[in-house]
Structures are given as C-alpha cells and as structure tokens.
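Encoded as structure tokens, the structure appears first; notes follow it.
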Amino acid sequence: VALEPAGPALREAAGLLARAERPVILAGRCSRDPEAWQRRIDLAEAVGARVMTDRKAGAAFPTDHPLHAAGPATSLSPAGIELVAAADVILSLDWIDLAGTLKGACHGKAPASKVIQVSVDQYVHNGWSMDYQGLPPADVYLMADPEAAVPALLAGVKRLRPNAPPLPAPRDRRGPPSLSALETASIIEVPLLATALKEALGGAPVSMIRLPLSWGEHLWDFRHPLDFLGADGGGGIGSGPGMAVGAALALRDSERLPIAVLGDGDFLMGVTALWTAVRNSIPLLVVIANNRSFFNDELHQERVARERGRPMENRWIGQAIRDPDIDLAAMTRAQGCTGIGPIDDPRRLVAALTEAVAAVRGGKVCVVDVRVAAGYDPGAASGIMQRASAG
1220 VALEPAGPAL REAAGLLARA ERPVILAGRC SRDPEAWQRR IDLAEAVGAR
1270 VMTDRKAGAA FPTDHPLHAA GPATSLSPAG IELVAAADVI LSLDWIDLAG
1320 TLKGACHGKA PASKVIQVSV DQYVHNGWSM DYQGLPPADV YLMADPEAAV
1370 PALLAGVKRL RPNAPPLPAP RDRRGPPSLS ALETASIIEV PLLATALKEA
1420 LGGAPVSMIR LPLSWGEHLW DFRHPLDFLG ADGGGGIGSG PGMAVGAALA
1470 LRDSERLPIA VLGDGDFLMG VTALWTAVRN SIPLLVVIAN NRSFFNDELH
1520 QERVARERGR PMENRWIGQA IRDPDIDLAA MTRAQGCTGI GPIDDPRRLV
1570 AALTEAVAAV RGGKVCVVDV RVAAGYDPGA ASGIMQRASA G
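Quick note: the sequence shown, position 140, residue 1359 per my numbering, numbers continuous.
In structure tokens form, the structure reads like this:
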C-alpha cells in the first residue's frame, strides 16, 4: 500500500516546485505502473523540470522526451553534474544514494538548491550497517512512495501554476550507427551490437532486463516502464544471469521478448542459472557482450597505477579472460540452451541475432556470444576514472 505524503510538507514542496526557475527531477526507484509513468511526465511538464534517470533503477521517464536531460547512467555523467549543480529546486523520487549524487555534483559542498526528498528509505536506516550510505540534505522530506506523492504534488502545483511552461526542443539523440556500418566495420563495437539487435527485432516489443557498462545511454530509447528493468547497485557482478531468469519468468505471459545483454565476466559467474530457465521452459534471450576481460577492474587498476606512478600497461593482469578464449556458447549448451557463436564478424551479427530471436519466440533459452571490442560508454568510464583526475 502506498504511503500518503503529509499535508504541510506537501504544500511546501508544491510551492517550491511551482516557483522554481530551474527545477530538476531525479527519477529513481519508481513503479512499473503506466499510469504512474504518465503522472511523472505530467509533473515534469507542469513545472518545466529537467529529468535525470538512473540505470540502476530501471525506466522511470521516457528517454526521448524533451525534458529528459541526462541518463540513464550508472554514475554521474558530465551532463548530470551540470544539471544538478545548476538547479534551484531538486525533486528526488526515491533516487538511489541522493547524498552521494549531490556531493558529487556540488564537489563536496552543500547544494545551493532546495532539495525535496520523496522516499520511504528511512524505514531501513540503522547505525549498524549504514547501508543507506550518506544522509542527504533535504529541505522538505515526504516519507511516501513516489506513486503517492507525484499526483498530490501535481495537483498542488497546478493550483499555484495553472499554465505549464513551453517544452524545450528535443535533445539531439544520435542513436546507434546505421545498418550499413555493419558492412564496413572490421570489429564489433557495442553500438553496432545495438544496431544489429534492433534490426533482428524488427520493432517487436521487448524488455531490456539488463545492460552492460559498455552500453551507452543513447543506444536505446525507453518509452514504457517495462522497456528497461534496471540493475543491482554497488558494481555487483555475477547477478546478471539470475536476474535475467527471474525477470523472464515474470514476463513469460506478456507480449514482450525478454532480453539481457550481459558482460562476459558477469555471465561467467552465474551461467548455471540458465539451466533453471531451460528446466522451467522460460523463454529468454541473452546476448553476451564479450570483451574477454573484467574490463571494469582494468580501468580501476589503471586508475590506481596513475595515482601511484606505476605502469598503466599492466592493467590487464588478473583481469584478461583470453589465451585461451572461453567458448561461452558451449557453456550455455551444457545448460540446455541454444548457444550461438562466437560471433566476431560484424556482417554475421544480424543473421545470428535473427536466429536467436526466432528461437526465443519458439520458447527457447538462447544465448549469443558476441566478441566485442573492449571499451565503455564515456560516461561510465569517466565515473570509474574520476578519482584519478581528481588526484
């Protein structure tokens, strides 16, 4: 049952939003309800708020909306930092680690903006584990679920500000490369994987269960709360296959094709979870963006090498997963899956993914091993490396 926000605090929050000149909404852990999705859009449009989303929390706002200004990202991007730092009012809708976001955007200083926090997170706060991380500075705190607070805030804002401001021009979203790029490329970059996947799907409705750090936020638009389901936090690895199976089970009777794009390191630590999907006839498509490395830790080791004046070219030691390469498709066939690959030729990618989509539509669990070039989306890479630049 959704908690209702308190009266006086609600009126104060609505007043701050109605008077704001540069409001920002941090859309975090929100429900999958399409009506709640639309109410978040209505609130943002009522005050002209720029919106930032979080890859850890799943789809909470349409990424191609003119007011969607940053994200979904795993860590603060330069655009996100600029957005938060320039705001005069920030509305957090159960944003994960609000204190850390504000600290990062404001370079450790207290934010100059007014902060409205909407969350029931306080119920799990305790001094023993401190897993709430930092306590955010909040001028107004509504102990409520976003689904209860947003309609009430919207009604309050409309009473104070009946005329919504004009929408800005849509952001330039470059999207994935064109299909012709697959014919000329010599290696498979992750953006080309998005291109081929779109072609293989042919516009069919899907739920992206999980996406790797190498997947840029511009590669796929989310227009429905089930378009993207999020991820675990804290940089965990190994949970991807299990989360994929659980989400596919929940989606089994829907019209959506469940897709998980996993890194090879994440996949290797949980591959046996796929046996459960096969055993219980749970259709699922897993695409492995296989860069043959625990690449996240390569960047961490490069960062430490920079800070300590050590050779950065040694960053691969203990992280590379090659010489010999692992036959990931064979591992999935051992679980009873349909295994395709490895695919390392860009010109074979669409055909392989088309075959995989057909298998999943036929009720199978299908895994495609795609050999991709190592590298991350610039926003994710900067988040990992920022401590080095700060030092």
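Beta carbons: idealized from backbone N, C-alpha and C, even for Gly.
Limits of the alpha helix (DSSP H) - the one that residue i falls within
{"i": "methionine 1488", "result": "From DSSP, methionine 1488 is part of no alpha helix (DSSP H); its letter is neither H nor E."}
{"i": "methionine 1462", "result": "1459 to 1469"}
{"i": "threonine 1557", "result": "Note, threonine 1557: premise wrong, no alpha helix (DSSP H); beta strand (DSSP E) at 1557 to 1562."}
{"i": "threonine 1293", "result": "It is not in any alpha helix (DSSP H) - threonine 1293 carries neither H nor E in the DSSP assignment."}
{"i": "lysine 1377", "result": "1365 to 1379"}
{"i": "proline 1565", "result": "1565 to 1580"}
{"i": "arginine 1552", "result": "1547 to 1553"}
Start-to-end residues for the beta strand (DSSP E) that takes in residue i
{"i": "glutamine 1341", "result": "Where glutamine 1341 is concerned, there is no enclosing beta strand (DSSP E), given that its DSSP letter is neither H nor E."}
{"i": "lysine 1328", "result": "Element bounds for lysine 1328: n/a, residue is neither H nor E."}
{"i": "leucine 1361", "result": "1359 to 1361"}
{"i": "arginine 1269", "result": "1269 to 1273"}
{"i": "valine 1334", "result": "1333 to 1337"}
{"i": "alanine 1246", "result": "1242 to 1246"}
{"i": "alanine 1237", "result": "No beta strand (DSSP E) contains alanine 1237, which is instead part of the alpha helix (DSSP H) from 1226 to 1238."}
{"i": "valine 1480", "result": "1476 to 1482"}
Proximity of residue i and residue j at Cβ, strictly below 8 Å
{"i": "valine 1490", "j": "glutamine 1554", "result": "yes"}
{"i": "leucine 1295", "j": "leucine 1386", "result": "no"}
{"i": "leucine 1302", "j": "valine 1589", "result": "no"}
{"i": "isoleucine 1478", "j": "methionine 1550", "result": "no"}
{"i": "alanine 1423", "j": "valine 1464", "result": "no"}
{"i": "glycine 1459", "j": "arginine 1498", "result": "no"}
{"i": "alanine 1289", "j": "glycine 1299", "result": "yes"}
{"i": "aspartate 1313", "j": "serine 1338", "result": "yes"}
{"i": "leucine 1476", "j": "leucine 1504", "result": "yes"}
{"i": "isoleucine 1559", "j": "alanine 1548", "result": "yes"}
{"i": "valine 1243", "j": "methionine 1271", "result": "yes"}
{"i": "glycine 1375", "j": "alanine 1233", "result": "yes"}
{"i": "alanine 1592", "j": "isoleucine 1407", "result": "yes"}
{"i": "histidine 1437", "j": "arginine 1392", "result": "yes"}
{"i": "valine 1369", "j": "arginine 1230", "result": "no"}
{"i": "aspartate 1283", "j": "leucine 1373", "result": "no"}
{"i": "serine 1311", "j": "leucine 1236", "result": "no"}
{"i": "alanine 1492", "j": "glycine 1461", "result": "yes"}
Paired residues, beta bridge with residue i - DSSP
{"i": "alanine 1263", "result": "Partner(s): none; alanine 1263 has no beta bridge."}
{"i": "arginine 1531", "result": "Here residue 1531 turns out to be methionine, not arginine, going by the sequence shown. Answer is none; methionine 1531 lacks a bridge partner."}
{"i": "aspartate 1313", "result": "Paired residue(s): none; aspartate 1313 is not in a bridge."}
{"i": "valine 1586", "result": "Val1505, Gly1558"}
{"i": "phenylalanine 1447", "result": "Met1427"}
{"i": "serine 1181", "result": "Since the first and last residues shown for the chain are 1220 and 1610, residue 1181 lies out of range."}
{"i": "histidine 1287", "result": "Val1270"}
{"i": "valine 1308", "result": "Pro1242, Lys1333"}
CB contact check: residue i to chain B, cutoff 8 Å
{"i": "arginine 1251", "result": "Among the chains in the structure shown there is no chain B, since it carries only a single protein chain."}
Would you call the stretch 1523 to 1533 in contact with the stretch 1466 to 1483, where contact means no fewer than 3 C-beta pairs closer than 8 Å?
Counting C-beta pairs with one atom in each stretch, the stretch 1523 to 1533 and the stretch 1466 to 1483 have fewer than three that are closer than 8 Å, which means they do not touch.
Would you be able to state if there are at least three C-beta pairs under 8 Å between the stretch 1444 to 1451 and the stretch 1271 to 1284?
Cβ pair count under 8 Å is three or more, so yes.
Go through the stretch 1394 to 1437 residue by residue and report every complete run of the alpha helix (DSSP H) that reaches 4 residues or more, in order.
Within the stretch 1394 to 1437, the complete alpha helix (DSSP H) runs of at least 4 residues are 1400 to 1403, 1409 to 1420.
Would you call the stretch 1509 to 1523 and the stretch 1536 to 1548 in contact, with 3 or more CB pairs under 8 Å?
Contact between the stretch 1509 to 1523 and the stretch 1536 to 1548 is present, because at least three Cβ pairs lie under 8 Å.
Counting pairs of Cβ atoms below 8 Å between the stretch 1308 to 1322 and the stretch 1343 to 1361, do you hit three or more?
Yes: the two stretches touch, three or more of their Cβ pairs being nearer than 8 Å.
Counting beta carbon pairs with one atom in the stretch 1393 to 1400 and one in the stretch 1573 to 1589, are three or more of them shorter than 8 Å?
Judged by Cβ distances under 8 Å, the stretch 1573 to 1589 makes no contact with the stretch 1393 to 1400, as fewer than three pairs qualify.
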